[in-house]
DNA sequence: TACGATT
């Protein structure tokens, strides 16, 4: 059993990102040790790396004064980064030269000097949405750099289409006040040439992710591995006469589509809870077909709805590559709608025809292809 | 909360 080494503390609140320090002496006003040349932050560690492995890897470079793999206070999950403080600054330098960029499983680790712990660098991370799909990370940095020094930035990409921007990203500034100014200056503004304004706000702390959300992440990762094999489901629905008419509204009101599931003739459908072998997520590869697929909008989900509901609803109709329940970030309750991506048009159309108007509990679902974002009149 | 997205 792994011991939880640390919880959220001052230095940890820097978040999973660090940066190099300029050379030169650091003036200490409180007499504390200057560790600016010995203390490193290590980012993008594999999820399953232990404190012991972490120490072993960095201890191979030289004598360590202290090191810490950062874990979530509640769940004990690794947050994917840690700190290493060497006795000798030369070893810190050597660790950067030797281990930065090292590939461990699916990750490429980043090793750099840690910034000194300070209140002013806390909560300096921004979440940006509504970015034009054509905007690169460089473009985004250029847009934000007028407000301060950028420590890290990232644009999220669609894993299925391998590299297409999802229009959302992150910017971490060196200082919180810089981040605040960027919000004031850029939130609701249209980047040059963009059709829509962007949203800029403080990012949520990933460590605040609920257990439910963590499980969802695991489900989705695992589910993608099944995307290819599930593809052959296409054929079998032509043999189910009742599907086109939708479920019988007079049948029992047992939860979640008993009718449709029974109609599946025992063909194994994907269900998150049946997934085993999630113990080792090492070496997960995205195999199988890629492509955008058909995005379906599902409205009138209950506040308690989760991703497994969508998998169960849509899985019987064919290849589902992605599901998403949209939640309020404060309450974590479903906002009443979600999205499902299906690979094949025919299957998506059949799912829509069957599930639109379907009664789920005491709600009637509205299901359609996703439309483009609404504009103000 | 009627068309998102949280490294």
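In full-length UniProt numbering, the protein residues as written are 1 to 377. All C-beta atoms in this analysis are idealised placements derived from N, C-alpha and C, irrespective of residue type, glycine included.
DSSP state of residue i mapped onto helix, strand, coil
i: residue 337; result: strand
i: residue 175; result: coil
i: residue 242; result: In this predicted model, residue 242 has a pLDDT of only 34, less than 50, meaning its place in the structure is not dependable enough to derive any value.
i: residue 190; result: coil
i: residue 358; result: coil
i: residue 43; result: strand
i: residue 321; result: strand
i: residue 98; result: helix
i: residue 77; result: coil
i: residue 70; result: strand
i: residue 201; result: strand
i: residue 196; result: coil
i: residue 104; result: strand
i: residue 365; result: coil
i: residue 65; result: strand
i: residue 93; result: helix
i: residue 118; result: coil
i: residue 163; result: coil
i: residue 82; result: strand
i: residue 185; result: helix
i: residue 232; result: Per-residue confidence for residue 232 stands at a pLDDT of 37, beneath the threshold of 50, marking its modelled position as unreliable; the derived number appears in the next sentence. The answer is helix: DSSP assigns residue 232 an H, G or I state.
i: residue 370; result: coil
Beta-carbon proximity of residue i to residue j, cut-off 8 Å
i: residue 45; j: residue 107; result: yes
i: residue 202; j: residue 123; result: yes
i: residue 305; j: residue 338; result: yes
i: residue 113; j: residue 36; result: yes
i: residue 96; j: residue 111; result: yes
i: residue 151; j: residue 176; result: no
i: residue 364; j: residue 300; result: yes
i: residue 200; j: residue 186; result: yes
i: residue 292; j: residue 317; result: no
i: residue 130; j: residue 198; result: yes
i: residue 324; j: residue 303; result: no
i: residue 372; j: residue 297; result: no
i: residue 180; j: residue 149; result: no
i: residue 41; j: residue 55; result: no
i: residue 126; j: residue 170; result: yes
Residue i versus residue j: straight-line alpha-carbon distance, rounded
i: residue 310; j: residue 348; result: 13 Å
i: residue 154; j: residue 128; result: 10 Å
i: residue 182; j: residue 194; result: 18 Å
i: residue 117; j: residue 34; result: 11 Å
i: residue 94; j: residue 52; result: 20 Å
i: residue 342; j: residue 47; result: 29 Å
i: residue 92; j: residue 81; result: 16 Å
i: residue 38; j: residue 174; result: 20 Å
i: residue 68; j: residue 134; result: 39 Å
i: residue 59; j: residue 79; result: 20 Å
i: residue 344; j: residue 314; result: 12 Å
i: residue 74; j: residue 205; result: 13 Å
i: residue 336; j: residue 366; result: 11 Å
i: residue 71; j: residue 354; result: 45 Å
i: residue 132; j: residue 329; result: 23 Å
i: residue 312; j: residue 319; result: 12 Å
i: residue 146; j: residue 362; result: 51 Å
i: residue 157; j: residue 190; result: 21 Å
i: residue 294; j: residue 137; result: 27 Å
i: residue 163; j: residue 192; result: 23 Å
i: residue 76; j: residue 196; result: 40 Å
i: residue 61; j: residue 104; result: 17 Å
i: residue 307; j: residue 49; result: 28 Å
i: residue 360; j: residue 98; result: 56 Å
i: residue 322; j: residue 159; result: 10 Å
i: residue 427; j: residue 121; result: Because residue 427 is not part of the residues shown, which for the chain are 1 to 377, the question remains open.
i: residue 43; j: residue 89; result: 19 Å
i: residue 165; j: residue 141; result: 15 Å
Enclosing beta strand (DSSP E) for residue i [first to last residue]
i: residue 112; result: 110-113
i: residue 131; result: It is not in any beta strand (DSSP E) - residue 131 carries neither H nor E in the DSSP assignment.
Residue span of the alpha helix (DSSP H) that contains residue i, given as start and end
i: residue 138; result: 137-144
i: residue 37; result: Element bounds for residue 37: n/a, residue is neither H nor E.
i: residue 309; result: 307-314
i: residue 301; result: It is not in any alpha helix (DSSP H) - residue 301 carries neither H nor E in the DSSP assignment.
i: residue 156; result: Careful: residue 156 lies outside any alpha helix (DSSP H), inside the beta strand (DSSP E) at 150-158.
i: residue 56; result: 51-59
Closer than 7 Å: residue i CB and nearest the ligand PLP heavy atom
i: residue 321; result: Absent from the structure shown: the ligand PLP. Ligands present: none.
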